[in-house]
Ligand code: UN1
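Numbering (the numbering used here), first residue to last: 1 to 491.
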């Protein structure tokens, strides 16, 4: 049986406790491996290693850091097929989507490698003669990363690459459902020649590993992706030691379909963003806001296509929808079927846990559509994180926009319309971090800012150049070469 360890100060080491935990394939129930079950001592070892490494890494020229990231990107590309297969086994998403997840990681490596030569600051005139003003980015120090299971490669790279290129050192705590993907990423970092201590991997549960990281006095920043409830706790805990916090949290993303929309395109877009990754994306479409003029035709077509989707092991190329990540998630998602029925929504397709034949060994849920949902219902307000979508009828664009904005989250939204005026109204009035016109709610590209408004986050963005801001402090520098005391605002 494969055994996976922590990576601390350039060495693969067992947890101090000597204990391990297991991870099984959510499609088949087969054991994948055993993993170091870490505690506060391992976190402290990792933080101390990262702290020592920071002294040198911060001075390592950024373009040279970029060369390591570039090598890592190439290694990820060479190993893409293997990494994707292993990811599907570990968390269930279908193989093509696992490949897309690895591809996001590759793209992020190459993109951030380039940032090694592009860490621009400003130079400006001074208000005084013979004085030079400029600003420059500085790393924070040791940064802690707590990452989710739904994008085992992409999301860690969104955090790790900008952190490293700007000179921080990292303690990486992946979700305990996807430790192997994290080990693979770190193995390739080792092969790419990252100096020891610059990245450290600590496997184990949120408590104690994540909680210790949040409290640790030598950690400067926690970058967390996960639920809004946990994000709030991270924020409260980190505030006690004045840590920076960057949060990417929940979503309740809506697709608006106007009566002038191309319905073929809308149906494709909705199915892809509602049921891709079995609905386990923070960008997944879980609401369809349908103009009454096309509601019944849209729902009929969605239902026919959803009913024909094939559930199965994501390694099988005929599978459309893989399992959910765990039995606990399956139960959680399924509980919303009862909630929706109880609230009076019409269940038009799906609604059941799928157990026939080979599905019996995995955590499968049928793609599910509720119709005639009121936007105040719990199924239209709460993040479900599974293959469940609610259709909410509206009469006007104004109403559609109000419904789209009428949730606590603000990650992604989309509008299908052939009318330019409608599209621009949506761009102006929908208050989300990401907005699509004539596409579903998923598929963000890595060179634009990623993140959301309101309870989706705390104002930061990952990816793009905006991603650098989280991992750096600005320093403004004034050089006075006048040879005398010049007093700003006075002389
Ligand atoms: C997430 O679900 O947490 O935009 C990230 C997308 C992907 C990333 C999703 N590129 O759907």
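From the three backbone atoms N, C-alpha and C, an ideal C-beta is built for every residue, glycine too.
Considering only residues of the same chain and omitting the five flanking positions on each side of residue i, which have a CB-CB separation below 7 Å?
i           : result
residue 454 : 408, 409, 410
residue 77  : 106
residue 163 : 143, 170, 471
residue 330 : 324, 353, 363, 365
residue 55  : none
residue 406 : 375
Got a sec? Which residues, its chain only, sit under 6 Å from residue i by beta carbon, not counting five neighbours each side?
i           : result
residue 113 : 66, 69, 70
residue 208 : 39, 40
residue 2   : 33
residue 349 : 303, 306, 307, 369
residue 228 : 249, 250, 455
residue 133 : 124, 126, 478
residue 226 : 148
residue 183 : 4
residue 482 : 130
residue 198 : 53, 57, 169
Give me the residue from the options with the minimum Cα distance to residue i.
i           : options            : result
residue 200 : 324, 423, 247, 11  : 11
residue 37  : 362, 188, 186, 18  : 18
residue 375 : 362, 368, 385, 389 : 389
residue 33  : 117, 238, 177      : 177
residue 205 : 344, 144, 175, 196 : 175
residue 117 : 385, 245, 165      : 165
residue 43  : 146, 55, 294, 64   : 146
residue 323 : 8, 28, 81          : 28
residue 151 : 97, 142, 123       : 97
residue 140 : 91, 20, 58         : 58
residue 142 : 148, 167, 92       : 167
residue 110 : 91, 100, 75        : 75
residue 342 : 373, 464, 194, 223 : 373
residue 102 : 73, 367, 194       : 73
residue 280 : 230, 244, 332      : 332
residue 360 : 6, 16, 9, 30       : 30
residue 371 : 345, 286, 351      : 345
residue 100 : 16, 232, 339, 80   : 80
residue 286 : 119, 340, 300      : 340
residue 444 : 334, 282, 290      : 282
residue 321 : 9, 194, 291, 92    : 92
Assign residue i to buried or exposed, taking buried as 16 or more other Cβ atoms, counted over all protein chains shown, within 10 Å of its Cβ.
i           : result
residue 158 : buried
residue 260 : exposed
residue 161 : buried
residue 363 : buried
residue 185 : buried
residue 448 : exposed
residue 396 : exposed
residue 356 : exposed
residue 61  : exposed
residue 246 : buried
residue 295 : buried
residue 64  : exposed
residue 490 : exposed
residue 484 : exposed
residue 488 : exposed
residue 241 : exposed
residue 416 : buried
Kindly list the residues whose CB is nearer than 8 Å to the CB of residue i, restricted to its own chain and excluding five residues on each side of it in sequence; keep chain order.
i           : result
residue 474 : 121, 135, 136, 137, 138
residue 284 : 251, 253, 273, 274, 276, 277, 385, 441, 442
residue 413 : 253, 254, 255, 256, 404, 426, 430, 432, 434, 435, 436, 441
residue 319 : 94, 310, 311, 312, 313
residue 506 : Here the chain has residues from 1 to 491 only, and residue 506 is not among them.
residue 327 : 363
residue 464 : 446, 447, 448, 449, 450
residue 439 : 269, 414
Whole alpha helix (DSSP H) elements within the stretch 185 to 249, 4-residue minimum: Counting only runs of 4+ residues, the alpha helix (DSSP H) found wholly inside the stretch 185 to 249 occupies 211 to 215, 228 to 240, in chain order.
Three CB pairs or more closer than 8 Å across the stretch 417 to 426 and the stretch 234 to 250: no
The stretch 218 to 233 in contact with the stretch 184 to 202 per 3-pair CB rule at 8 Å: no
Beta strand (DSSP E) runs wholly inside the stretch 320 to 382, at least 3 long, in chain order: 346 to 349, 368 to 371
Touch test, the stretch 263 to 271 against the stretch 467 to 483, Cβ-Cβ under 8 Å, three pairs minimum: no
Segment contact flag, the stretch 46 to 56 with the stretch 164 to 184, C-beta cutoff 8 Å, min 3 pairs: yes
Sufficient close CB pairs (3 or more, under 8 Å) joining the stretch 312 to 320 to the stretch 126 to 133: no
Three-pair Cβ contact test at 8 Å for the stretch 234 to 241 versus the stretch 80 to 91: no
Runs of alpha helix (DSSP H) wholly within the stretch 88 to 147 (minimum 4 residues, chain order): 95 to 115
Uninterrupted alpha helix (DSSP H) stretches inside the stretch 23 to 63 (no shorter than 4 residues): 40 to 57
Segments of 4+ residues assigned as alpha helix (DSSP H) that fall wholly inside the stretch 255 to 316: 263 to 275, 295 to 307
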